[in-house]
Amino acid sequence: MSPIGSAASAIALPPTGAGLRVVRLGPGQAGAPLRAMRRRLAAEQGREPEPDDALEASATVVAVFAGEAMVAALRVHATDTPQLRRELGTLLQLDRFSGIWAPEHIVVGSRLQVLADFRTRQVIDALLRESYRLVRDSDVRFGLIACEPALHALFAFYGFREYLPPAILPGDTGVLRMALVCEDASTFITCGSPLVDLVQHPQLGLSARAWLEQTFPVLV
21 MSPIGSAASA
31 IALPPTGAGL
41 RVVRLGPGQA
51 GAPLRAMRRR
61 LAAEQGREPE
71 PDDALEASAT
81 VVAVFAGEAM
91 VAALRVHATD
101 TPQLRRELGT
111 LLQLDRFSGI
121 WAPEHIVVGS
131 RLQVLADFRT
141 RQVIDALLRE
151 SYRLVRDSDV
161 RFGLIACEPA
171 LHALFAFYGF
181 REYLPPAILP
191 GDTGVLRMAL
201 VCEDASTFIT
211 CGSPLVDLVQ
221 HPQLGLSARA
231 WLEQTFPVLV
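Here the sequence shown is numbered in the numbering used here, starting from 21 and rising by one per residue.
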C-alpha cells in the first residue's frame, strides 16, 4: 500500500494557492522540515517541542508548505505495523476491525499540527483533502483517530464520527475516538464535508458505514 507504510519517495502535489503546496512524505522523509515546524509550534505555545515517538519512523506525512517551510502536517499510519498496534491498538480497538477487514483497509491518523498563522480553512482543507486522496487511492475503508475533545468540531466537519465512547488516558487526559468512512458520500453530504467531491465509489462507503454502525452501536 504505497506510500502508506512504505518507503515511498516524496510526492509533491500542485500548489493550492497563496504560495502553498501540499507534499506527501514517505516514512522517514519528513526529517528537518517537520522538526523545524514542531520547534516553531512549541515556541508559539511556550513549551518544549514534542520528541519523535515510536510511530515516527513508519508514518507517511501529509504536509502543507509555505515556501520552504512546513506549516501544517498530519501523520498517516498503516495498521499492520507492530509499533502502531502496540501504541494504539487497544485504545482504538483495532482487533474488532481485523477479524473482518484486512490491515490495508484501515489507517490511523496522528499528530495533526498547524502553525498559528496558518490555521485557516484553506490550509486545513488542503491538508485533509490530500490525506483523503492518499487513503482513498490506497483502497482504505476506515480512517481512525484519537484526538483531544477540543478538535471534535474540526474532525466532525470533515466527516469523522465518534465510534467509541471517550477514553481517559493516564494523567486524566480525555481523548475522543473517531472514525471516517472513506467514500461515505451520505455522511459527507449531511455534515457539509469538503471531501464530498472527492468520492468516487459511494457504494463502498455505504457498505463500510453499515458494518461500522452495526459493530459500534454508539454510532446509531
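In this text, a Cβ means the ideal position worked out from N, Cα and C, and glycines have one as well.
What residues in its chain sit with their C-beta under 6 Å from that of residue i, if we drop five residues either side in the sequence?
i      : result
Asp204 : Gly225 and Arg229
Thr207 : Gly179
Leu132 : Leu94
Ala130 : Per the sequence presented here, residue 130 reads as Ser, with Ala not at that position. The residues are Arg95.
Using CA atoms only, rank isn't needed, just tell me which of the options is closest to residue i.
i      : options                          : result
Leu232 : Ile144, Ile120 and Gly129        : Ile120
His125 : Leu132, Gln103 and Arg156        : Arg156
Ser227 : Cys202, Ile209, Ala122 and Gln65 : Cys202
Gln223 : Ser213, Thr193 and Arg161        : Arg161
Gln103 : Phe117, Leu75, Asp115 and Gly66  : Leu75
Glu88  : Thr235, Leu239, Pro237 and Pro53 : Pro53
Arg181 : Leu239, Gly46, Pro47 and Leu111  : Leu239
Cys167 : Gln234, Ile209, Asp73 and Ala199 : Ala199
Arg44  : Thr110, Glu150 and Arg55         : Glu150
Leu40  : Gly194, Val143, Thr99 and Val216 : Val143
Ala176 : Ala146, Pro214 and Pro190        : Pro214
So, under 8 Å CB-CB, residue i and residue j are touching, yes? Tell me the CB distance rounded to an integer number of Å.
i      : j      : result
His97  : Ala86  : Going by Cβ atoms, the distance from His97 to Ala86 rounds to 25 Å, so no, they are not a contact pair.
Ala50  : Ala83  : 7 Å
Ile165 : Val219 : Between Val219 and Ile165 the Cβ distance is about 19 Å, and since that is not below 8 Å, they are no contact.
Helix, strand or coil: which one does DSSP assign to residue i?
i      : result
Met21  : Residue confidence is low: Met21 scores 44 on pLDDT, short of 50, so the model does not pin down where it sits. No coordinate-derived value is stated.
Ser26  : Note that Ser26 scores 40 on pLDDT, short of 50, meaning its location in the model is unreliable; the coordinates nonetheless yield the value given after this. Coil.
Gly225 : helix
Val219 : coil
Leu104 : helix
Ser206 : helix
Pro237 : helix
Ser118 : helix
Leu112 : coil
Between residue i and the rest of its own chain, which residues show a CB-CB distance below 8 Å, the 5 nearest in sequence each way excluded?
i      : result
Leu135 : Met57, Arg60, Leu61, Glu64, Val91 and Ala92
Asp137 : Val91
Beta-carbon within less than 7 Å of residue i's beta-carbon, same chain only, minus the 5 sequence neighbours each way: which residues are those?
i     : result
Ser29 : For Ser29, the predicted structure reports a pLDDT of 40, less than 50, and the residue's modelled location is therefore unreliable. A value from the coordinates is still provided. Gly46.
Beta strand (DSSP E) segments (min. 3 residues) lying fully within the stretch 135 to 188: 162 to 167
Those runs of the beta strand (DSSP E) which lie wholly inside the stretch 37 to 82 and span at least 3 residues: 40 to 45
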